[in-house]
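S.K.: Here it is, the structure in full.
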Amino acid sequence: MVQLLENATTGLAGSSLPAPEPLAARVALAAHGLTLSYGGTRVLADVDLDVPTGAVTALVGPTGCGKTTFLRSLNRMNDRVPGFRLSGSLELFGEDLYDGRSDPLVVRRRVGMLFQRPNPFPLSIRENVVAGVKAHRLARRSELDSIAEERLRQVGLWEAVSDRLGTSPFRLSGGQQQLLCLARALAVSPEVLLLDEPTSSLDPVSTAAVEEMLASLVPDITVVIVTHNLAQARRLADHTAFFHQGRLVEHGPTVRLFEDPSEEATRQYLSGRFG
Amino acid sequence: MTTVPVKGTVPARGHAARGEARRLVLRRLADRLWWSLCAAALLGIVVPVVWVLAGVVGKGVRGWQWSVLTTTTQGTGGGLANAIMGTLVIVAGVLVIAGSVGVAGGVYLAEFCRDGRGGLLRGASEVLAGVPSIVLGYVGYIVLVVHFHWGFSLLSALLVLSAMVVPYIVKTTEVALRNVPTAYRDGSEALGMPRTYALRRVVLRPAVPGIVTGLILAMAIAIGETAPLLYTANWSNGYPSAHLLHAPVAYLTYPVWTFYNQPQASAHRLSAEAALLLVALVVVLIGLSRLVVARTQRHTEGHRGAR
């Protein structure tokens, strides 16, 4: 039993590298004919999008274009929103996210999320980092301290907080709080990380720190980021998808999309004509 | 290059300047008025509290005998040890019964019932809160004491008092939970926490002060209630027994009201002492609740720990 548990935890920690797969299979998330609506109001229609594994994909578009709704359905965060309906298909590494066999709690363990505003829990700093680990029973109690340290080091927060792990996270700066939330999300070893404008409430210096962290996550983790900051999309993302008025207008490698978009709306938005 | 107007250096002249000056005077007057109204409201709270405390403490201390804590009541003399014990037992019982029912009800309303389905429960709770305590006491007397043949007893007192205070606990619990920032719920949901787990570990904690406040309020009401207890617990000169049924219970509000109307000096003394003890109990309760709140709020947003 103990042996089994250990196997499970080391497996989750991702220490064993997955066998190389053919390029066509290297799709982390795949949407086919995805239509999302709230109580009869269609928010997003007929989206076909493959999110490549181990890369950063940015979702951009003007407010209300449906990109955040799309992001939130990637880890089933819309499930409890009254009137939410989804048609078409959404696959995570080839498994349907929304068929009856998929467990939303497991989906959310595999697909983590970071929010617009840092949202540490009202627990101590250490307890924040290991909150998900404890909820999913991914490790034994005696291992929690080392997990907390490992993840805080990974996000570059360890030096700043190592002497006050037992204190409130709300005394940290906004950027530090967001890094703490990142450490919390990483602690459950997700395969995909969803970011909903993760730096929009932060100052430029903190933003740079968070961006640097995010860039270091790939290729171990697939990152999907919603951002209003086009410069950020350009800096961070390998692929960019442009949403407009509830449709996916265009997607492709970031450089190609910014320099040679095939749609007029994309060109106008990316060059700052509307936003 | 635009100049930023600085207070006192606005280059206004003539008519405009006079208008501005008048508006300034008016604004200051309005400020003063509001400030005084707020101060008056504060006085309206503080003065009665001081008045009551001074009156109760003054009367209670004047004839104070320590034996009141150790001896039981004999007729209209003796001590109040039986009533102190009785009140403590009653409050503890109410805390257990009404506390569990009320908190569970509040959690259900705030977290688990779908919109619209909670209306019935919420309405029932509000009606219950509006029923006068003497009516609840009378119903308790007819149904529990007489019809069920429970006699004057601890259990009937507990049930009636609990029914009285449950609505307060339900309401404060529900409101406290609804005021928990959605960011906590989103965060715990995004980590894949099961809902009940997230509730216990993350969402409930910031709601604790609100819930504790409701419980304290409920206990304070239970401590201070007289009418329903006259019907259900009655009065006893002895210590509360281990029996839930067929054994009347003493409580502190009884001597305050009943003994005050007796001619004997000893009865008046007990009445004043009981009032003092009641106030002291409530103060201790409030102190306890502050401790609980401080302890659970160490890591929350409102309390950053920096002094």
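Protein chains in written order, with my numbering: chain A, 35 to 309; chain B, 905 to 1211. C-beta atoms are modelled at their ideal positions from N, C-alpha and C, and glycine is treated no differently.
1. Find the residues of chain B that neighbour residue 149 (chain A), judging by a C-beta separation of less than 8 Å, and give them in chain order.
2. Any idea if residue 266 (chain A) is buried or exposed, counting beta-carbon neighbours within 10 angstroms, 16 or more meaning buried?
3. With 16 other CB atoms within 10 Å as the buried threshold, where does residue 121 (chain A) fall?
4. So that I know if they touch, is there some Cβ in chain B lying closer than 8 Å to that of residue 310 (chain A)?
5. Which residue's Cα is closest to the Cα of residue 306 (chain A): A:83, A:94, A:272 and A:89?
6. Mind listing the chain A neighbours of residue 899 (chain B)? Cutoff is C-beta to C-beta under 9 Å, in chain order.
7. Buried or exposed: where does residue 1083 (chain B) fall if 16 or more other Cβ atoms within 10 Å of its Cβ makes it buried?
8. Along the chain, where does the alpha helix (DSSP H) containing residue 273 (chain A) start, and where does it finish?
9. What are the boundary residues of the beta strand (DSSP E) that residue 66 (chain A) is part of?
10. Step through the CB atoms of chain B and report whether any lies within less than 8 Å of the CB of residue 156 (chain A).
11. Candidates A:155, A:71, A:196 and A:138: which alpha carbon is nearest residue 117 (chain A)'s?
12. Using a C-beta to C-beta distance shorter than 8 Å, which residues of chain A count as neighbours of residue 1101 (chain B)?
13. Looking at C-alpha atoms only, which residue of A:89, A:61 and A:100 is the closest neighbour of residue 80 (chain A)?
14. Return the chain-ordered list of same chain residues with a C-beta closer than 6 Å to the C-beta of residue 151 (chain A), the five sequence neighbours on each side being excluded.
15. Under the three-state reduction of DSSP, which class applies to residue 76 (chain A): helix, strand or coil?
16. Using a threshold of 8 Å, state whether the C-beta atoms of residue 251 (chain A) and residue 148 (chain A) are closer than that.
17. Going along the chain, which unbroken runs of the alpha helix (DSSP H) with 4 or more residues stay wholly within the stretch 1037-1098 of chain B?
18. I'd like to know whether the C-beta of residue 1110 (chain B) is nearer than 8 Å to at least one C-beta of chain A.
19. Three or more C-beta pairs under 8 Å: does that hold for the stretch 996-1010 of chain B against the stretch 1114-1123 of chain B?
20. According to the Cβ coordinates, are residue 64 (chain A) and residue 125 (chain A) closer than 8 Å?
21. Please confirm whether residue 1106 (chain B) has its beta-carbon closer than 8 Å to some beta-carbon of chain A.
22. Using beta-carbon positions only, say whether residue 84 (chain A) and residue 61 (chain A) come within less than 8 Å of one another.
23. Of all the CB atoms in chain A, is at least one closer than 8 Å to the CB of residue 1082 (chain B)?
24. Taking the alpha helix (DSSP H) that residue 1118 (chain B) belongs to, which residues open and close that run?
25. Would you identify the three-state DSSP class for residue 189 (chain A), choosing helix, strand or coil?
26. Per DSSP, what are the beta-bridge partners of residue 194 (chain A) in this structure?
27. Consider the C-beta atom of residue 155 (chain A) and the heavy atoms of the ligand ZN; say whether any pair is separated by less than 7 Å.
28. Answer with buried or exposed for residue 969 (chain B), where buried requires no fewer than 16 other C-beta atoms within 10 angstroms of its C-beta.
29. Note down, in chain order, all residues in the stretch 195-226 of chain A with a beta-carbon under 8 Å from any beta-carbon belonging to chain B.
30. With three or more C-beta pairs closer than 8 Å as the rule, is the stretch 1096-1106 of chain B touching the stretch 1029-1040 of chain B?
31. Just grab the DSSP bridge partners of residue 282 (chain A) for me.
32. Hey, residue 1059 (chain B) and residue 1134 (chain B) are a contact pair by Cβ (cut 8 Å); roughly how many whole angstroms apart?
33. If we ignore side chains and look at the alpha-carbon of each, how far apart do residue 1020 (chain B) and residue 1114 (chain B) end up?
34. With 9 Å as the limit, tell me which residues of the stretch 56-76 of chain A have their beta carbon closer than that to any beta carbon of chain B; keep them in chain order.
35. Give the interface partners of residue 153 (chain A) over in chain B, defined as CB-CB distance under 8 Å, in chain order.
36. Does any C-beta atom of chain A lie closer than 8 Å to the C-beta of residue 922 (chain B)?
M.R.: Judging by the given coordinates:
1. 1087, 1090, 1091 and 1094
2. buried
3. exposed
4. Residue numbering for chain A in the displayed model covers 35 to 309; residue 310 (chain A) lies beyond these limits and cannot be assessed.
5. A:94
6. No answer is possible for residue 899 (chain B): it lies beyond the span of chain B, which begins at 905 and ends at 1211.
7. exposed
8. That residue, residue 273 (chain A), is in no alpha helix (DSSP H); its beta strand (DSSP E) goes 273-278.
9. 61-72
10. yes
11. A:71
12. 169
13. A:100
14. 235
15. strand
16. no
17. 1037-1044, 1058-1082 and 1086-1094
18. yes
19. yes
20. yes
21. yes
22. yes
23. no
24. 1108-1128
25. coil
26. Paired residue(s): none; residue 194 (chain A) is not in a bridge.
27. With respect to the ligand ZN, the structure shown offers nothing to examine, as it has no ligands at all.
28. exposed
29. 201, 202, 203, 204, 205, 215, 218, 219 and 222
30. no
31. A:277
32. The pair is not a contact, with the Cβ atoms about 16 Å apart (cut-off 8 Å).
33. 24 Å
34. none
35. 1085, 1087, 1088, 1090 and 1091
36. no
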